[in-house]
Amino acid sequence: QKEVEQNSGPLSVPEGAIASLNCTYSDRGSQSFFWYRQYSGKSPELIMFIYSNGDKEDGRFTAQLNKASQYVSLLIRDSQPSDSATYLCAVNRFDGGFQKLVFGTGTRLLVSP
Amino acid sequence: EADIYQTPRYLVIGTGKKITLECSQTMGHDKMYWYQQDPGMELHLIHYSYGVNSTEKGDLSSESTVSRIRTEHFPLTLESARPSHTSQYLCASIGQGASKNIQYFGAGTRLSVL
Chain A
5 QKEVEQNSGP LSVPEGAIAS LNCTYSDRGS QSFFWYRQYS GKSPELIMFI
55 YSNGDKEDGR FTAQLNKASQ YVSLLIRDSQ PSDSATYLCA VNRFDGGFQK
105 LVFGTGTRLL VSP
Chain B
50 EADIYQTPRY LVIGTGKKIT LECSQTMGHD KMYWYQQDPG MELHLIHYSY
100 GVNSTEKGDL SSESTVSRIR TEHFPLTLES ARPSHTSQYL CASIGQGASK
150 NIQYFGAGTR LSVL
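For the record, the sequence lines run as chains A and B.
Quick note on numbering: the first sequence equals residues 5 to 117 in the working numbering.
Quick note on numbering: the second sequence equals residues 50 to 163 in the working numbering.
Next comes the structure, spelled out in structure tokens:
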């Protein structure tokens, strides 16, 4: 089992709809969770991050954590064609005292006009 | 946000050449990382550094080497490039203070070895 798992997609939604992206993680002790957006051929760009103490909303984006079920979700309201990208979920891990991010394989989102 | 600079952005080179991919950050971050990513595939951590004179191999075995002589500079070197090294290489660093858990990426170097 991978530490961070995501459905590769593509997830197709019409413009204006809510896109819901999920990822599951295996380390119950994880404290920090991140969502990155990556356009094709570009580097990942941080969208949202949350800590284990609660959900977070920023504009059209909401990140939610379900600790009991060990999954993190990203909701994108009023989806736009420009939101079409791969969304990477990442979880903070301390490996021998060194901080690393463990990334999922990403979910490809397609927003159709 | 952190300012992380990678050069070159694109590199096409012949087999057997020695290459160095540059990565610099201006924020004084101690922790820096190199990832390798093939098109449409996941990120793989290949090297990381705690700080000056500290380097470690990542989760994916790589023939590349890194050095950290200055805090702001974390170059990656391939002694003899091969077509199997064709990939995108991404450099990242983690912030401090209020941004201490947040990892920022450079724009990447897309390497093609012919």
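Built from N, CA and C at the ideal position, the CB exists for glycine as well.
Bear in mind the structure is a predicted one, so any value in this text is a computation, not a measurement.
Check: Is Leu78 (chain A) closer than 9 angstroms to Ser24 (chain A) when the C-beta atoms are compared?
Finding: If you number the first sequence from 1, residue 24 (chain A) lands on position 20. If you number the first sequence from 1, residue 78 (chain A) lands on position 74. In this structure, Leu78 (chain A) lies closer than 9 angstroms to Ser24 (chain A) by Cβ.
Item checked: Ala72 (chain A) versus Val162 (chain B) - alpha carbon distance -> Within the first sequence, numbered from 1, the residue matching residue 72 (chain A) stands at position 68. Within the second sequence, numbered from 1, the residue matching residue 162 (chain B) stands at position 113. Their backbone Cα atoms lie some 47 angstroms apart in a straight line.
Item checked: Limits of the beta strand (DSSP E) - the one that Asn70 (chain A) falls within -> As a first step, residue 70 (chain A) is located in the first sequence; it is residue number 66 there, counting from the start. Looking at the DSSP string, the run of the beta strand (DSSP E) that includes Asn70 (chain A) is Phe65 to Asn70.
Checklist line | Which listed residue (A:Gly58, A:Asp62, A:Lys46 and A:Ser86) has its alpha carbon closest to that of Met52 (chain A) | finding: Numbered from 1 along the first sequence, position 48 holds the residue referred to as residue 52 (chain A). Nearest neighbour of Met52 (chain A) by Cα position, chosen from A:Gly58, A:Asp62, A:Lys46 and A:Ser86, turns out to be A:Asp62.
Note to self: Any beta carbon from chain B within less than 9 angstroms of Gly13 (chain A)'s own beta carbon?
What the structure shows: Along the first sequence, read from residue 1 onward, the residue named residue 13 (chain A) stands at position 9. No, its Cβ sits nowhere closer than 9 angstroms to a Cβ of chain B.
Next item on the list: State the Cα-Cα distance for the pair Ser108 (chain B) and Ser16 (chain A), rounded to the nearest angstrom.
Entry: Looking up residue 108 (chain B) in the second sequence gives position 59. Looking up residue 16 (chain A) in the first sequence gives position 12. With the sequence shown as reference, residue 108 (chain B) is identified as Asp, and Ser is not the correct amino acid for it. Going from the Cα of Asp108 (chain B) to the Cα of Ser16 (chain A) covers about 32 angstroms.
Check: Do you know how far the Cα of Ile80 (chain A) is from the Cα of Ser30 (chain A)?
Finding: In the first sequence, counting from the first residue as 1, residue 30 (chain A) sits at position 26. In the first sequence, counting from the first residue as 1, residue 80 (chain A) sits at position 76. Straight-line Cα distance between these residues: approximately 24 angstroms.
Check: Are Gln55 (chain B) and Ala156 (chain B) close, meaning C-beta to C-beta below 9 angstroms?
Finding: By 1-based counting over the second sequence, the position of residue 55 (chain B) is 6. By 1-based counting over the second sequence, the position of residue 156 (chain B) is 107. Going by C-beta atoms, Gln55 (chain B) is nearer than 9 angstroms to Ala156 (chain B).
Item checked: Residues, ordered as in the chain, of the segment 111-137 of chain B that lie near chain A by beta-carbon distance below 9 angstroms -> Under the 9 angstroms Cβ criterion, the segment 111-137 of chain B contributes Gln137.
Check: From Ser86 (chain A) to Val76 (chain A), what does the alpha carbon distance come to, in whole angstroms?
Finding: In the first sequence, the residue the question calls residue 86 (chain A) occupies position 82. In the first sequence, the residue the question calls residue 76 (chain A) occupies position 72. Straight-line Cα distance between these residues: approximately 23 angstroms.
Next item on the list: With Thr90 (chain A) as the anchor, note down where its beta strand (DSSP E) starts and where it stops.
Entry: As a position in the first sequence, residue 90 (chain A) is number 86, starting the count at 1. Element bounds for Thr90 (chain A): Ala89 to Asp99.
Next item on the list: Could you give the DSSP three-state label for Ser133 (chain B): helix, strand or coil?
Entry: In the second sequence, the residue the question calls residue 133 (chain B) occupies position 84. DSSP places Ser133 (chain B) in helix when its eight states are reduced to three.
Margin query: Counting only Cβ pairs nearer than 9 angstroms, list the residues of chain A close to Gly155 (chain B).
Written below: One-based indexing of the second sequence puts residue 155 (chain B) at position 106. Under the 9 angstroms cutoff, chain A gives Ser47.
Check: How is Ser116 (chain B) classed by DSSP in three states: helix, strand or coil?
Finding: Counting from one through the second sequence, the residue named residue 116 (chain B) turns up at place 67. DSSP places Ser116 (chain B) in the coil class of the three-state scheme, outside both helix and strand.
Item checked: Exposure of Thr69 (chain B), with buried meaning 16 or more beta-carbon neighbours within 10 Å -> Numbered from 1 along the second sequence, position 20 holds the residue referred to as residue 69 (chain B). Note on Thr69 (chain B): under 16 other CB atoms within 10 angstroms of its CB, so exposed under the neighbour-count rule.
Next item on the list: In the DSSP assignment, find the beta strand (DSSP E) that holds Leu15 (chain A) and state where it starts and stops.
Entry: Your numbering for residue 15 (chain A) matches position 11 in the first sequence. For Leu15 (chain A), the enclosing beta strand (DSSP E) stretches over residues Leu15 to Pro18.
Note to self: On the CB-based measure, 16 or more other CB atoms within 10 Å of its CB, does Arg41 (chain A) come out buried or exposed?
What the structure shows: The sequence position of residue 41 (chain A) within the first sequence is 37, counting from 1. Arg41 (chain A) counts as buried, since no fewer than 16 other beta carbons sit within 10 angstroms of its beta carbon.
Notebook entry, point to check: What are the residues of the segment 26-51 of chain A that lie near chain B, defined by any Cβ-Cβ distance shorter than 7 angstroms?
Noted result: So the close ones are Ser36, Ser47, Pro48 and Leu50.
Next item on the list: Classify Ser86 (chain A) as helix, strand or coil using the three-state DSSP reduction.
Entry: Here the question's residue 86 (chain A) lines up with position 82 in the first sequence. Correct three-state label for Ser86 (chain A): helix.
Margin query: Let me confirm a value: Met90 (chain B) is counted as buried when at least 16 other C-beta atoms fall within 10 Å, else exposed. Which label applies?
Written below: Position 41 of the second sequence, counted from the first residue, corresponds to residue 90 (chain B). It counts as exposed.
Check: When DSSP builds the beta bridges, which residues end up paired with Gln85 (chain B)?
Finding: Indexing the second sequence from 1 puts residue 85 (chain B) at position 36. Beta-bridge pairing links Gln85 (chain B) to B:His93 and B:Tyr138.
Next item on the list: Would you identify the three-state DSSP class for Gly157 (chain B), choosing helix, strand or coil?
Entry: Here the question's residue 157 (chain B) lines up with position 108 in the second sequence. Annotated three-state conformation of Gly157 (chain B) is coil, per DSSP.
Next item on the list: May I have the straight-line CA-CA distance separating Leu60 (chain B) from Glu49 (chain A), to the nearest angstrom?
Entry: For the purposes of this step, residue 60 (chain B) is taken as residue 11 along the second sequence, with counting starting at 1. For the purposes of this step, residue 49 (chain A) is taken as residue 45 along the first sequence, with counting starting at 1. Those two C-alpha atoms are separated by around 22 angstroms.
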